[in-house]
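Here's the structure we're looking at; comments come further down.
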Amino acid sequence: MVKIGILGVGTVGTSVAKILQENADIIEARAGRSIIAKSGVVKNLSKKRDVSILLSDNPLDVVNDPEIDIVVELMGGVEEPYQLVKQALSNGKAVVTANKALLAYHRYELQELAGDTPLMYEASTAGGIPIIGALRTGLSANHVESMQGIMNGTCNYMLTKMINEGAQYDAILKEAQELGYAEADPTFDVGGFDASHKLLILASIAYGIDAKPEDILIEGIENITQTDVAFAKEFGYEIKLLGIAKKVGEGVELRVHATMIPQESMIAKVDGVMNAVTVIGDRVGETMYYGPGAGGDATASAVISDIVDIVRGNHGPMLGYKKGLESRLKLLPKEEIVTQYYLRLEVADQSGVLAEVTSTLGEFGISIEAMLQKPTADESIAKLLFTTHKCKESQMQEAITALGRLAVVQGEIAMMRIEK
Ligand code: HSE
0 MVKIGILGVG
10 TVGTSVAKIL
20 QENADIIEAR
30 AGRSIIAKSG
40 VVKNLSKKRD
50 VSILLSDNPL
60 DVVNDPEIDI
70 VVELMGGVEE
80 PYQLVKQALS
90 NGKAVVTANK
100 ALLAYHRYEL
110 QELAGDTPLM
120 YEASTAGGIP
130 IIGALRTGLS
140 ANHVESMQGI
150 MNGTCNYMLT
160 KMINEGAQYD
170 AILKEAQELG
180 YAEADPTFDV
190 GGFDASHKLL
200 ILASIAYGID
210 AKPEDILIEG
220 IENITQTDVA
230 FAKEFGYEIK
240 LLGIAKKVGE
250 GVELRVHATM
260 IPQESMIAKV
270 DGVMNAVTVI
280 GDRVGETMYY
290 GPGAGGDATA
300 SAVISDIVDI
310 VRGNHGPMLG
320 YKKGLESRLK
330 LLPKEEIVTQ
340 YYLRLEVADQ
350 SGVLAEVTST
360 LGEFGISIEA
370 MLQKPTADES
380 IAKLLFTTHK
390 CKESQMQEAI
400 TALGRLAVVQ
410 GEIAMMRIEK
């Protein structure tokens, strides 16, 4: 019999304990041994919980318990779980974690420390979708050309409502929080940080890239307005918060940002709180993985898949490749990213202004693809909306700074990237 200890018996931990009990027959048949949740750790012992396992408020009761074979870490945060996972590994216990932030910062140290001891993390990225398994195993014959993911359900829910129902940002954020998907601090969701943690995990498996969140381009959905939504509709785009990884020569672009994508693309049709990841492999072509990115049972389903793999002896190297044989691809600097852009700016509605704006873009080598001018409630101000042909991020950033200095340009300039 295999015994599990759970650090953090909240929504997901409770589901893990229950599914191990309620689906014990199928889980034993698949793992080849019976698996039980023995004990768990909570912060507040007086809070009533719907589980029938031993509870303690001291994580060491699980981590140092010689009877526990596998420690499941569902605490959240970074430093405390990092210390506890290290301790569990040094006690020879296998570890399963759903903690994306822990992995975004410490996956390479943990891989080193784990050595041949299993350390698995299917639930860390896109909840119930088996994307980690797909990348580590299912696609292992492929060089990954690119990946695009909707990996934050809160943002996808908000954008879907803003686009389909014209909902206002603040009201819809509150609704998303009530649905229980949002992080304790929703800035992690709407600012793109949660998605960046997941992208970094996928990029390690696909490309062996050792980067931290602060090394990559991360933007959220905070500045999207109904003007952008209307423009996107008119020009045949959906707006999604995407995590994007793209191999360019010997480098890899990694970025998280609101993105205009063609309405007819598969990922554009992923609505509400659902997540999806598309992966293009050099041999398999495009594959897509879709499903719930959070929620108790969905996340627990991924946690238990790791437990079953460990019990089967199926775990393999943590990041999916043997140390020393990882790819030699490098993270491209943010400035080197090449894509198309959408720009929104407010200008004085007077003669010569359009020429001034377009010639500024031209000075930085930026070519305009499409343009729309919209009147505003204030007759003296017009909105200019552009899409550009591909250019480098550095060109675009310099052009935005120069546009901002023009006397005719009023207020903030908004920018969104376009992927076709
Ligand atoms: N806050 C996350 C989301 C939860 O909205 O998708 C899953 O990581």
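Position 228 (the sequence shown) corresponds to 227 in numbering that gives the first Met the number 0; numbering is contiguous.
Backbone N, C-alpha and C fix where the C-beta goes; we use that ideal spot for every residue, glycine too.
None of the values given here were measured: they were computed from a predicted structure.
Under the rule that a run must span 4 or more residues, the alpha helix (DSSP H) segments found entirely inside the region 270-311 read 295-311. Per DSSP, the continuous beta strand (DSSP E) segment holding residue 385 begins and ends at 380-387. A direct Cα-Cα distance of roughly 7 Å separates residue 195 from residue 242. Counting only beta-carbon distances shorter than 6 Å to the non-hydrogen atoms of the ligand HSE, the qualifying residues in chain order are 126, 151, 152, 153, 180, 181, 182, 188, 193, 292, 293.
The residue among 344, 271, 326 with its C-alpha nearest the C-alpha of residue 171 is 271. Per DSSP, reduced to three states, the secondary structure at residue 419 is coil, with no helix or strand assignment. Beta-bridge pairing by DSSP links residue 338 to 390. Contact annotation, residue 317 with residue 113: C-beta distance approximately 6 Å; criterion of less than 8 Å satisfied. Inclusion of residue 13 and residue 49 in the CB contact set at 8 Å is warranted, their separation being smaller than that value.
Pairing residue 278 with residue 91, the inter-Cα distance amounts to about 34 Å. Taking the Cβ atoms as the reference, residue 34 lies roughly 16 Å from residue 53, outside the contact range of under 8 Å. In this structure, residue 353 keeps its C-beta atom at 8 Å or more from the C-beta atom of residue 385. Look at the region 30-59 and you find these whole runs of beta strand (DSSP E), each 3 residues long or longer: 34-40, 53-55. Bounds of the alpha helix (DSSP H) holding residue 358 are 352-362. Comparing C-alpha distances from residue 144 to each of 105, 249, 187 shows the shortest one belongs to 249.
By the Cβ neighbour-count rule, residue 88 is buried, with 16 or more other Cβ atoms within 10 Å of its own. In the three-state scheme derived from DSSP, where H, G and I count as helix and E and B as strand, residue 88 is classed as helix. Within 10 angstroms of the beta-carbon of residue 109 lie 16 or more other beta-carbons, which makes it buried. Between residue 351 and residue 147, the alpha-carbon positions lie close to 40 Å from each other. Using a Cβ distance threshold of 8 Å, residue 320 and residue 387 do not count as a contacting pair.
Residue 344 is classed as buried because its beta carbon has at least 16 other beta carbons within 10 Å across all chains shown. Between the C-alpha atoms of residue 253 and residue 0 there is a straight-line separation of about 43 Å.
Looking at 37, 79, 8, 237, the one whose alpha-carbon comes closest to that of residue 47 is 8. Membership of residue 255 in the beta strand (DSSP E) is indicated by the continuous run 250-261.
For residue 12, the enclosing alpha helix (DSSP H) covers residues 10-21. For residue 96, the enclosing beta strand (DSSP E) begins and ends at 93-96. Residue 43 sits away from residue 72, with the two beta carbons spaced by 8 Å or more. Spatial neighbours of residue 314 in its own chain (CB-CB distance under 7 Å, excluding positions within 5 residues in sequence) are listed in chain order as 117, 119, 308. Residue 409 has its alpha-carbon roughly 5 Å from the corresponding atom of residue 346. Under the DSSP definition of a beta bridge, residue 4 partners with 38, 70. Separation of residue 226 and residue 233 (C-alpha to C-alpha, rounded to the nearest whole angstrom) is 11 Å. Counted as a single uninterrupted DSSP element, the alpha helix (DSSP H) harbouring residue 228 occupies residues 225-233.
Residue 145 is bridged by DSSP to 245, 279. Between the C-alpha atoms of residue 204 and residue 168 there is a straight-line separation of about 34 Å. Residue 179 carries a coil assignment under DSSP once its states are collapsed to helix, strand and coil. Judged by DSSP secondary structure, residue 368 falls within the beta strand (DSSP E) whose first and last residues are 367-374.
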